[in-house]
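**Student:** Structure incoming, see below.
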Amino acid sequence: MKRFRFYLILSLSLPLASFSQNYSNIDFARQIKAKELKKNIEILSSSRMEGRETGKKGQKLAANFIYNQFKNCGLTGIKKNTDSLNYFQSFNLSKLKLPSGKIRTERKIFSNYKDFIADPLQDSIALDLDVIFIGNEPIENFSEIDFSDKAVLFLTSNFYKAFRKVHHIWKHSAPRLILFNDPINNKVFNRFLNTKKRVRNQRFLLNDPIQDSVYLAGQTDLYKCLKEKLIIPISTQMTKKLTGLKTKELKEIANKQRHVNRTISSSIHFSLNKENDIIKTENVYALIEGSEKPNEYIVISAHYDHLGKHGENVFYGANDNASGTAAVIEIAKAFKQATREGLRPKRSILFVAFSGEEKGLLGSKFFVNHSPIALKSIKTNLNLDMLGRCDDKHSSTDYVYLLGTSHLQPKLKKMSDSLNTLYPKLILDYEYDQPHNPLYGASDQASFVQKGIPAIMYFNGLHQDYHTENDTADKLNNKNIERVAQLVFLTAWELANQL
């Protein structure tokens, strides 16, 4: 991608440049008011929105509210008209269910997520296979055996290191199915089973072949092996039934105190049904077209989804992230007011409210993989997430964390400092501004960064009500949100008007 050059045109000794005899960009930044932010936040985090869980009724209501805010203030859709469809980017998610599956022998039926763990990424499957038991021997000891179109069963004395042997087996002679058991530490299997159940029930994926192919391109041979072939941990009880061996004998073999001198063969019928629910959702966006470089864009974003309802408990998500969403709406209104006064930014400004962030940044991932504008034309992303609360590192809310200014485009930090010195004079905290900090990848700007697009995340830190039903609008400092939104407005204006 062509590098976007930044030119600082501010002087700390002079006021911010005026764009007419009557107005400056600070004047329009000051039109972002805590009162309006509070009103939007209270609507977005009301019980009527039911926590705005992706794909649920409340999220749809929130999307419609954001759309109306954009349209009613005079912003156009992505195709520069006011047709309602041009304000939405619809996409599907797959909610993964526990796959139902059976392994049958002549005398026994074993069940998935009880006796074994089969968690495929591929489609449902049914196979009749011969099983070859190799104990804990090196795969090279069985070089005369063709494992293709068969199932291989091996033992290990370390459950988590078993995947190394999987790779060796796969490279030696690709079987159709690999089963393994750790008879030494059967509790590890049970812990792994419970973890997989919990994660699987919470897992969402983009229903998007582009995302899948991009993800696979960067993975190891082992990951590709796990995707293309079935690797299945099984319980010790199931192993005993398949091999006819006792637990003591299995432990001896796993510890290499006893060798397998011959293969123990049996036949199985393996069936697995992958079941997913398709969830429909949408990003919401609106546009202000630039006056001189309309095909270059600054993207201002926030996610508007949250955790929804758990039983009767509503997770209101006022801080996370009705606050950032309300800020994007008011920033958009300030830009639109500037255009009404004849002060149109030179580059276009695209305002985006993402869905699916709480499911794994899925809305922003879909956006960058199916962008309605060329990715190379996006010069910077400014992303707002969780504003208006105070973390335990600060005594007041007169601050904001900035993440991303030191990565891809270091001049963003100098620009942010220069703008903030003049207005709104917040404390800019760069403690988390490192690419390897976990928070750096915890919000939607990460999707832009992965595409090589410079991005800043504006964030007030974590707090005790994070992801609880106590994240309510009455606990927010709306004046802080106002000031952060004003800084984002000024930063976007500067980026949009640089030569």
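Numbering (mature numbering (1 follows the signal peptide of the UniProt record, and there is no 0)), first residue to last: -20 to -1, 1 to 479.
Backbone N, C-alpha and C fix where the C-beta goes; we use that ideal spot for every residue, glycine too.
(1) Counting Cβ pairs, one atom from each stretch, are 3 or more of them under 8 Å apart for the segment 75 to 91 and the segment 213 to 223?
(2) Just to confirm, are L330 and Y284 a CB contact at a threshold of 7 Å?
(3) Please report the distance separating the alpha-carbon of A302 from that of L24.
(4) What number of angstroms, rounded off, separates the C-alpha of L41 from the C-alpha of T261?
(5) Check whether the segment 210 to 217 touches the segment 60 to 80, counting contact only when three or more Cβ pairs, one atom from each stretch, lie closer than 8 Å.
(6) Taking just the CA atoms, how far does T471 sit from M395?
(7) If you measure between the beta carbons of F250 and L107, is that distance less than 7 Å?
(8) Beta-carbon separation of I164 and K231 under 7 Å?
(9) Here's the rule: buried if 16 or more other CB atoms are within 10 angstroms of the residue's CB, otherwise exposed. What is G432?
(10) Helix, strand or coil, according to DSSP, for A282 in the structure here?
(11) Taking the C-alpha atoms as reference points, what is the distance between Q317 and L323?
(12) Going by the DSSP bridge assignment, what does F68 pair with across the sheet?
(13) Using 8 Å as the threshold, is the segment 347 to 366 in touch with the segment 420 to 439, meaning 3 or more CB pairs across them?
(14) Spatial neighbours of D201 within its chain, please: CB distance less than 6 Å, with the 5 preceding and 5 following residues excluded, ordered by chain position.
(15) Please classify Y438: does DSSP put it in a helix, a strand, or coil?
(16) Quick one: grab the DSSP three-state call for A197.
(17) Buried or exposed: where does I190 fall if 16 or more other Cβ atoms within 10 Å of its Cβ makes it buried?
(18) Quick check on N92: buried or exposed, where buried means 16 or more other Cβ atoms within 10 Å of its Cβ?
(19) To the nearest angstrom, report how far apart N400 and I258 are at their CA atoms.
(20) Nearest CA to the CA of L467: which residue from A307, P418, T452?
(21) Taking R10 as the reference, which of D99, F45, K405 has the closest Cα?
(22) What's the gap between the Cα of S104 and the Cα of I125?
(23) Helix, strand or coil: which one does DSSP assign to G115?
(24) Look at the alpha carbon of G384 and the alpha carbon of K36, and state the distance between them as a whole number of angstroms.
(25) Rounding to the nearest angstrom, what Cα-Cα distance links D372 and D95 in this structure?
(26) Thinking C-beta only, is H148 closer than 7 Å to I119?
(27) Suppose you measure from the CA of H350 to the CA of L364; what does that come to, to the nearest Å?
(28) Return the residue from the list D424, A422, F184, N440 that minimises the CA-CA distance to I407.
(29) What does the alpha-carbon distance come out to for the pair G340 and Q389?
(30) Using only CA atoms, which one of L17, S4, L392, I6 lies nearest to N458?
(31) What residues in its chain sit with their C-beta under 8 Å from that of R156, if we drop five residues either side in the sequence?
(32) Would you report the Cα separation of N253 and Y438, rounded to the nearest angstrom?
(33) Do you know how far the Cα of H286 is from the Cα of R32?
(34) Assuming L456 and N299 are in contact, meaning their beta carbons sit under 8 Å apart, how far apart are those beta carbons, in whole angstroms?
(35) Would you mind stating whether A465 and R327 have Cβ atoms separated by less than 7 Å?
(36) From N256 to F334, what distance separates their C-alpha atoms?
**Tutor:** On the basis of the coordinates in this document:
(1) Inter-segment contact for the segment 75 to 91 and the segment 213 to 223 is present: three or more beta-carbon pairs are separated by less than 8 Å.
(2) Counting from 1 along the sequence shown, the entry for residue 330 is found at position 350. Counting from 1 along the sequence shown, the entry for residue 284 is found at position 304. Going by C-beta atoms, L330 is not nearer than 7 Å to Y284.
(3) Taking the first residue of the sequence shown as 1, we reach residue 302 at position 322. Taking the first residue of the sequence shown as 1, we reach residue 24 at position 44. In this structure, the CA atom of A302 is about 6 Å from the CA atom of L24.
(4) Along the sequence shown, read from residue 1 onward, the residue named residue 41 stands at position 61. Along the sequence shown, read from residue 1 onward, the residue named residue 261 stands at position 281. If I take the Cα positions, the gap works out to 11 Å.
(5) Segments in contact, no.
(6) Locating residue 395 in the sequence shown gives position 415, counting from the first residue. Locating residue 471 in the sequence shown gives position 491, counting from the first residue. The straight-line gap from Cα to Cα measures roughly 8 Å.
(7) By one-based count along the sequence shown, residue 250 stands at place 270. By one-based count along the sequence shown, residue 107 stands at place 127. Yes, the Cβ-Cβ distance between F250 and L107 is below 7 Å.
(8) To locate residue 164, count along the sequence shown from 1; it is residue 184. To locate residue 231, count along the sequence shown from 1; it is residue 251. Their beta carbons are under 7 Å apart, which means I164 touches K231 by this criterion.
(9) As a first step, residue 432 must be located in the sequence shown, where it is residue number 452. Its Cβ having fewer than 16 others within 10 Å, G432 is exposed.
(10) Numbered from its first residue, the sequence shown carries residue 282 at position 302. In this structure, DSSP gives A282 an extended state, which the three-state scheme calls strand.
(11) Your numbering for residue 317 matches position 337 in the sequence shown. Your numbering for residue 323 matches position 343 in the sequence shown. Approximately 9 Å between the Cα atoms of the pair.
(12) In the sequence shown, the residue the question calls residue 68 occupies position 88. F68 is bridged to V264.
(13) Yes, since at least three Cβ pairs between the segment 347 to 366 and the segment 420 to 439 fall closer than 8 Å, the two stretches touch.
(14) Here residue 201 refers to the residue found at position 221 of the sequence shown. For D201, the predicted model reports a pLDDT of 45, less than 50, meaning its position is unreliable; a value from the coordinates is still stated below. Excluding sequence neighbours, D201 sits near nothing in its chain.
(15) In the sequence shown, counting from the first residue as 1, residue 438 sits at position 458. The answer is strand: DSSP assigns Y438 an E or B state.
(16) Sequence index remark: in the sequence shown, residue 197 carries index 217 (1-based). With a pLDDT of 37 at A197, under the threshold of 50, the predicted position of this residue should be treated as unreliable, though the coordinate-derived value follows. In the structure shown, A197 falls within a helical segment according to DSSP collapsed to helix, strand and coil.
(17) Within the sequence shown, residue 190 is the residue found at index 210, counting from 1. Per-residue confidence for I190 stands at a pLDDT of 48, beneath the threshold of 50, marking its modelled position as unreliable; the derived number appears in the next sentence. Counting of Cβ neighbours within 10 angstroms places I190 among the exposed residues, the total staying below 16.
(18) Position 112 of the sequence shown, counting from 1, holds the residue named residue 92. Burial of N92 is indicated by the presence of at least 16 other C-beta atoms within 10 angstroms of its C-beta.
(19) One-based indexing of the sequence shown puts residue 400 at position 420. One-based indexing of the sequence shown puts residue 258 at position 278. Rounded to whole angstroms, N400 and I258 show a C-alpha spacing of 45 Å.
(20) Numbered from 1 along the sequence shown, position 487 holds the residue referred to as residue 467. With distances taken between Cα atoms, L467 lies closest to A307.
(21) On the sequence shown, position 30 is the one that residue 10 refers to. Closest option to R10, Cα to Cα, is K405.
(22) As a working note, residue 104 is residue 124 in the sequence shown. As a working note, residue 125 is residue 145 in the sequence shown. Using only the alpha carbons, I get a separation of about 28 Å.
(23) Here residue 115 is taken as the residue at index 135 of the sequence shown, counted from 1. Looking at G115 - three-state DSSP - the assignment turns out to be strand.
(24) Stepping through the sequence shown from its first residue, residue 384 is reached at position 404. Stepping through the sequence shown from its first residue, residue 36 is reached at position 56. Looking at the two C-alpha atoms, the distance is approximately 32 Å.
(25) Start at 1 with the first residue of the sequence shown, and residue 372 comes out as number 392. Start at 1 with the first residue of the sequence shown, and residue 95 comes out as number 115. Using only the alpha carbons, I get a separation of about 46 Å.
(26) Looking up residue 119 in the sequence shown gives position 139. Looking up residue 148 in the sequence shown gives position 168. Using a Cβ distance threshold of 7 Å, I119 and H148 count as a contacting pair.
(27) Counting from 1 along the sequence shown, the entry for residue 350 is found at position 370. Counting from 1 along the sequence shown, the entry for residue 364 is found at position 384. It is roughly 21 Å from the alpha-carbon of H350 to the alpha-carbon of L364.
(28) Residue 407 sits at position 427 when you count from the first residue of the sequence shown. Checking every option, the nearest Cα to that of I407 belongs to N440.
(29) Walking along the sequence shown from the start, residue 340 turns up at place 360. Walking along the sequence shown from the start, residue 389 turns up at place 409. G340 and Q389 have their C-alpha atoms some 25 Å from each other.
(30) Walking along the sequence shown from the start, residue 458 turns up at place 478. With distances taken between CA atoms, N458 lies nearest to L17 out of L17, S4, L392, I6.
(31) On the sequence shown, position 176 is the one that residue 156 refers to. The answer, listed in chain order, is L107, L109, S128, D129, K130, A131, K209, L210.
(32) Here residue 253 refers to the residue found at position 273 of the sequence shown. Here residue 438 refers to the residue found at position 458 of the sequence shown. Taking the straight line joining both Cα atoms gives about 43 Å.
(33) Working through the sequence shown from its first residue, we reach residue 32 at position 52. Working through the sequence shown from its first residue, we reach residue 286 at position 306. Between R32 and H286, the C-alpha separation is close to 5 Å.
(34) In the sequence shown, the residue the question calls residue 456 occupies position 476. In the sequence shown, the residue the question calls residue 299 occupies position 319. Contact between L456 and N299 holds, with the beta-carbon distance rounding to 6 Å and staying under 8 Å.
(35) As a working note, residue 465 is residue 485 in the sequence shown. As a working note, residue 327 is residue 347 in the sequence shown. Not a contact, by the Cβ cut-off of 7 Å.
(36) Position 276 of the sequence shown, counted from the first residue, corresponds to residue 256. Position 354 of the sequence shown, counted from the first residue, corresponds to residue 334. When the Cα atoms are used, N256 and F334 turn out to be separated by approximately 23 Å.
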